[in-house]
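What follows is a short report on a single structure.
Protein chains: 2
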Amino acid sequence: MKRGAILLAHGGGGRLTHELVRDVFLPALDNPYLASLTDAAVLPPLPAGRPALTTDAFVVDPPIFAGGDLGALSVCGTVNDLAVTGARPLWLTWALILEEGLDAALLDACVAGAASAAREAGVQLVAGDTKVVPRGKGDRLYAVTAGLGVVPPGRDLDDRRILPGDRVLASGPIGDHGATVMAHRHGLEGAGLRSDCAPVNSLVEVLLASGVAVRAMHDPTRGGVATTCHEVAARAGVRIVLDETSVPVRPEVLAVCELLGLDPLYVACEGRVLIWIAPGDAGRALAVLHGHPLGQGAADIGVVEETAADRAPVVLTTAVGGRRPLDLLSGAELPRIC
Amino acid sequence: MKRGAILLAHGGGGRLTHELVRDVFLPALDNPYLASLTDAAVLPPLPAGRPALTTDAFVVDPPIFAGGDLGALSVCGTVNDLAVTGARPLWLTWALILEEGLDAALLDACVAGAASAAREAGVQLVAGDTKVVPRGKGDRLYAVTAGLGVVPPGRDLDDRRILPGDRVLASGPIGDHGATVMAHRHGLEGAGLRSDCAPVNSLVEVLLASGVAVRAMHDPTRGGVATTCHEVAARAGVRIVLDETSVPVRPEVLAVCELLGLDPLYVACEGRVLIWIAPGDAGRALAVLHGHPLGQGAADIGVVEETAADRAPVVLTTAVGGRRPLDLLSGAELPRIC
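Taken in order, these protein sequences are the chains called A and B.
So for the first sequence, the numbering used here puts the first residue at 1; every next one is plus one.
So for the second sequence, the numbering used here puts the first residue at 1001; every next one is plus one.
Written as structure tokens, this is what we have:
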């Protein structure tokens, strides 16, 4: 759009809103459903299977970081939530809450990021809405995506299918996204840090197409690997034991975590998948993952055990051979990394 | 939830987020899809027809007003966007951006409002997300809904079906929502003002089931009746002539508009529908509308004419018999009414 700043009137529904849609959103997100500009996008019938629906709000600070931006992140987050449920992502919606005075160039960058991520994931942003709030009532821009996908017939990922003995795989090094954002915020950027933000749906499709016995998958975003394992342990009624020496963490991520007093096991990924798999298929699954650009750093990081009332649901076998519980943290440790 | 204030940690994805979901969202929005608490809600196959998808962001100030609240408004807005496209609304997602320090009682009230509106509309909120931003980076709470519905086979509402001679119906008095919110903001509340916020899907179903020849429908939200008519005139390639004496406006709404210098034709409704209909069916359609609780104030407010390059696309025939163009305004007139 023309260089300048976002005005309250850009969210009023009148002439300036129409110009914003025509000049910024439609050219970047080009598709006939969005271009119909009516109250709801009417889509072709879905392929066979069960529809899957999800939503995510994105308030990351800063909105542009090494390896991504708030727009790309919002598309990847929703695509990935669908993919790990076994759904093929199809259509997304995208709502923006802009702060009065927002630099139009920053909006352009995030729209371009969203468009690029959508192309990479093979999805379309078919409906949107934009509101503008007064200065001091927002923080540049917030985005909320919702996504519709379809779980093909016969596919049934569910944490309740996880059994003692199953292996836990990570599709790559962990914590890159959260460490990158926190480093930006503390003036520590550089030194090879880069968000892992990426749509994982093609990786998931390749893995499921290989025929390995995947029980369930999750993307370890907010709260990281440890929090995701807590949620899975509770739903599956099992205990998850991670092996510290097997969990892949880049040295740059480890360095930032040490500086900021963070445990990488609680730091968000935005382009990684945790996979629970039958023990006999773990090796074959790793080989499949290693053959995909997003899975080259995949590793077997742990095992599922029987639960017991007197034992922590998620534990880490440390490098020196001890076991320490990974507690569920309160949530104040890493605000606004997504 | 326990009386208190929202903390940053409620949005961190850890223990406090889990408690918020368990104590506030799940009890109020009770349904098995949301309760699965996984990355995406996996739903039963859709009924036959074309899926429709939409999204809306809600930043209304104040978040509670006579006749509604931000939660109820967010559900009604999305249900209505689906309904006027001819879709039967089925499933909604709901994402919240909370400001640190938000009074928990205000959150409870908006969650209750959303739950109540969803019950009235016959939809379920099946997926959600909550983020918390620091004090001064939000304004109590913002909500973003997305909605999935299905347009039944054979139903085809489209502005391009509108023809010269068609009548324009309004399902009730206009401007109640916007006038109520603006009155609150200027300390003018009272005196019978009340938002029209309501889900219109049952009204739309009754009308379409009656067999009258509806060409298209729209809900005149942001920008009001005049802005909606502009959008329709552009898409349909027609001119729309409204009759000032036929447009129903409550005296309380007119009084607030006169005090604040607003034209009710530009003030948002959140429970009204504009209906474009074949001229011979207008009378029968009005009778159907009058038989529904939400359509008792329905009126025939105008007519569609052929467009011409030198004539304004939307005009008003005034009480004294003149014609004045209703221009598309810039959008700064009524900020944050939805």
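Here a beta-carbon is modelled for each residue, glycine too, at the ideal position from N, C-alpha and C.
Where Tyr1142 (chain B) and Gly1302 (chain B) are concerned, what is the direct C-alpha to C-alpha distance, given to the nearest angstrom? Here residue 1142 (chain B) corresponds to residue number 142 of the second sequence, with the count starting at 1. Here residue 1302 (chain B) corresponds to residue number 302 of the second sequence, with the count starting at 1. Tyr1142 (chain B) and Gly1302 (chain B) have their alpha carbons spaced roughly 36 Å apart.
Using a Cβ distance threshold of 8 Å, determine whether the segment 1244-1260 of chain B contacts the segment 1197-1206 of chain B, with at least three qualifying pairs required. These segments do not touch.
What first and last residue would you give for the alpha helix (DSSP H) that runs through His1290 (chain B)? On the second sequence, position 290 is the one that residue 1290 (chain B) refers to. Its alpha helix (DSSP H) spans residues 1282-1290.
Could you give the C-beta distance for Leu16 (chain A) and Ser1330 (chain B), rounded to a whole number, given that I count them as a contact under 8 Å? Walking along the first sequence from the start, residue 16 (chain A) turns up at place 16. Walking along the second sequence from the start, residue 1330 (chain B) turns up at place 330. Between the beta-carbon of Leu16 (chain A) and that of Ser1330 (chain B) there is about 5 Å, and that keeps the pair under the 8 Å contact cut.
Reference Glu306 (chain A); option with closest CA among A:Val314, A:Ala299, A:Asp300: In the first sequence, residue 306 (chain A) corresponds to position 306, counting from 1. For Glu306 (chain A), the nearest C-alpha among the options comes from A:Val314.
Under 8 Å between C-beta atoms, does Thr55 (chain A) make it to chain B? For the purposes of this step, residue 55 (chain A) is taken as the residue at position 55 of the first sequence. It does: the Cβ of Thr55 (chain A) has a partner Cβ on chain B nearer than 8 Å.
Would you say Leu1107 (chain B) faces chain A, with C-beta separation under 8 Å as the test? Taking the first residue of the second sequence as position 1, residue 1107 (chain B) is located at position 107. No, because no Cβ of chain A sits closer than 8 Å to the Cβ of Leu1107 (chain B).
Whole-Å CB distance - Glu1270 (chain B) paired with Gly1113 (chain B), under 8 Å assumed: Stepping through the second sequence from its first residue, residue 1270 (chain B) is reached at position 270. Stepping through the second sequence from its first residue, residue 1113 (chain B) is reached at position 113. With a Cβ gap of about 12 Å, Glu1270 (chain B) and Gly1113 (chain B) do not count as contacting.
Just the Cα atoms here: how many angstroms apart are Ile1162 (chain B) and Leu1328 (chain B)? The residue you call residue 1162 (chain B) lines up with position 162 of the second sequence. The residue you call residue 1328 (chain B) lines up with position 328 of the second sequence. Their Cα atoms are separated by approximately 20 Å.
is_contact[Ile1162 (chain B), chain A] using C-beta, thresh 8 Å: Counting from 1 along the second sequence, the entry for residue 1162 (chain B) is found at position 162. No, its Cβ sits nowhere closer than 8 Å to a Cβ of chain A.
Whether Ala183 (chain A) touches Gly224 (chain A) by CB criterion (8 Å): Against the first sequence, residue 183 (chain A) aligns to sequence position 183. Against the first sequence, residue 224 (chain A) aligns to sequence position 224. Note that the C-beta distance between Ala183 (chain A) and Gly224 (chain A) is not below 8 Å.
Nonlocal neighbours in the same chain, by C-beta distance under 6 Å from Leu1098 (chain B), ignoring five residues either side: Numbered from 1 along the second sequence, position 98 holds the residue referred to as residue 1098 (chain B). Cβ neighbours of Leu1098 (chain B) beyond the five flanking positions: Ile1006, Val1132, Leu1141.
Where does Gly192 (chain A) land, buried or exposed, given buried means 16+ other C-beta within 10 angstroms? On the first sequence, residue 192 (chain A) is found 192 positions in, with the first residue counted as 1. The residue in question, Gly192 (chain A), is exposed, as its Cβ has fewer than 16 Cβ neighbours within 10 Å.
Beta-carbon neighbours of Asp139 (chain A), restricted to chain B and to distances below 7 Å: Against the first sequence, residue 139 (chain A) aligns to sequence position 139. Val1133, Lys1137, listed in chain order.
Near-chain A residues of the segment 1270-1288 of chain B - C-beta to any C-beta below 7 Å: Residues: none.
Nearest chain A C-beta to Ile1174 (chain B) closer than 8 Å, yes or no? Working through the second sequence from its first residue, we reach residue 1174 (chain B) at position 174. Proximity of Ile1174 (chain B) to chain A, defined by a Cβ-Cβ separation below 8 Å, is not satisfied.
Checking contacts by CB at 8 Å: is His1177 (chain B) closer than that to chain A? Position 177 of the second sequence, counted from the first residue, corresponds to residue 1177 (chain B). By the rule that beta-carbons nearer than 8 Å mark a contact, His1177 (chain B) does not touch chain A.
Exposed unless 16 or more other CB atoms sit within 10 angstroms - verdict on Gln1124 (chain B): Translated into the one-based positions of the second sequence, residue 1124 (chain B) becomes position 124. Classification for Gln1124 (chain B): buried.
Where DSSP assigns a beta bridge to Val1150 (chain B), which residues make up the other side? Sequence index remark: in the second sequence, residue 1150 (chain B) carries index 150 (1-based). Looking at the DSSP output, Val1150 (chain B) shares a beta bridge with B:Pro1051, B:Arg1088.
Could you tell me the alpha carbon to alpha carbon distance between Asp39 (chain A) and His1218 (chain B), rounded to whole angstroms? Taking the first sequence and counting its residues from 1, the one referred to as residue 39 (chain A) is at position 39. Taking the second sequence and counting its residues from 1, the one referred to as residue 1218 (chain B) is at position 218. Approximately 7 Å, taken between the alpha carbons.
I need the boundaries of the beta strand (DSSP E) containing Gly138 (chain A), first residue and last residue. Working through the first sequence from its first residue, we reach residue 138 (chain A) at position 138. No residue range can be given for Gly138 (chain A), since it is assigned to no beta strand (DSSP E) and is classified by DSSP as neither H nor E.
I'd like to check one pair, Asp129 (chain A) with Ala1057 (chain B): are the Cβ atoms closer than 8 Å? Numbered from 1 along the second sequence, position 57 holds the residue referred to as residue 1057 (chain B). Numbered from 1 along the first sequence, position 129 holds the residue referred to as residue 129 (chain A). Result yes, Cβ atoms of Ala1057 (chain B) and Asp129 (chain A) sit closer than 8 Å.
For Pro1051 (chain B), which residues from the same chain have a beta carbon less than 7 Å from its beta carbon, with the 5 sequence-adjacent residues on both sides left out? Here residue 1051 (chain B) refers to the residue found at position 51 of the second sequence. The beta carbon of Pro1051 (chain B) is closer than 7 Å to those of Leu1148, Val1150 in its chain, skipping five residues each way along the sequence.
Segments of 3+ residues assigned as beta strand (DSSP E) that fall wholly inside the segment 1169-1237 of chain B: Counting only unbroken stretches of 3 or more residues, the beta strand (DSSP E) elements lying wholly within the segment 1169-1237 of chain B are 1214-1218, in sequence order.
Consider the Cβ of Asp1166 (chain B): report whether some Cβ of chain A lies at a distance smaller than 8 Å. If you number the second sequence from 1, residue 1166 (chain B) lands on position 166. Asp1166 (chain B) does not count as touching chain A.
Which value, in whole angstroms, describes the spacing of the CA atoms of Leu20 (chain A) and Gly1295 (chain B)? Residue 20 (chain A) sits at position 20 when you count from the first residue of the first sequence. Residue 1295 (chain B) sits at position 295 when you count from the first residue of the second sequence. Using only the alpha carbons, I get a separation of about 34 Å.
Hey, could you find the ends of the beta strand (DSSP E) Leu1316 (chain B) is sitting in? The residue given as residue 1316 (chain B) occupies position 316 in the second sequence. Element bounds for Leu1316 (chain B): 1314-1317.
Please report the straight-line C-alpha distance between Pro1173 (chain B) and Gly1211 (chain B), rounded to a whole angstrom. Taking the second sequence and counting its residues from 1, one reaches residue 1173 (chain B) at position 173. Taking the second sequence and counting its residues from 1, one reaches residue 1211 (chain B) at position 211. Computed Cα separation, rounded: 24 Å.
Quick check on the DSSP output: the beta strand (DSSP E) that includes Val304 (chain A) runs from which residue to which? Reading the first sequence from its first residue, position 304 is the one you call residue 304 (chain A). Boundaries of the beta strand (DSSP E) around Val304 (chain A): 299-306.
C-beta atoms of Ala213 (chain A) and Asp281 (chain A) nearer than 8 Å: Here residue 213 (chain A) refers to the residue found at position 213 when the first sequence is read from its first residue. Here residue 281 (chain A) refers to the residue found at position 281 when the first sequence is read from its first residue. Yes; because the gap between Cβ atoms is below 8 Å, this pair is in contact.
Just verifying my parser: in three-state terms, what is the DSSP assignment at Thr17 (chain A)? As a first step, residue 17 (chain A) must be located in the first sequence, where it is residue number 17. Here Thr17 (chain A) sits in helix by DSSP.
Helix, strand or coil at Gly165 (chain A) according to DSSP, with G and I counted as helix: Sequence index remark: in the first sequence, residue 165 (chain A) carries index 165 (1-based). Assigned with DSSP and collapsed to three states, Gly165 (chain A) falls in coil, not helix or strand.
Hey, is Ile1006 (chain B)'s beta-carbon within less than 8 Å of any beta-carbon in chain A? Residue numbering aside, residue 1006 (chain B) sits at position 6 when the second sequence is read from its first letter. It does not: the Cβ of Ile1006 (chain B) has no partner Cβ on chain A nearer than 8 Å.
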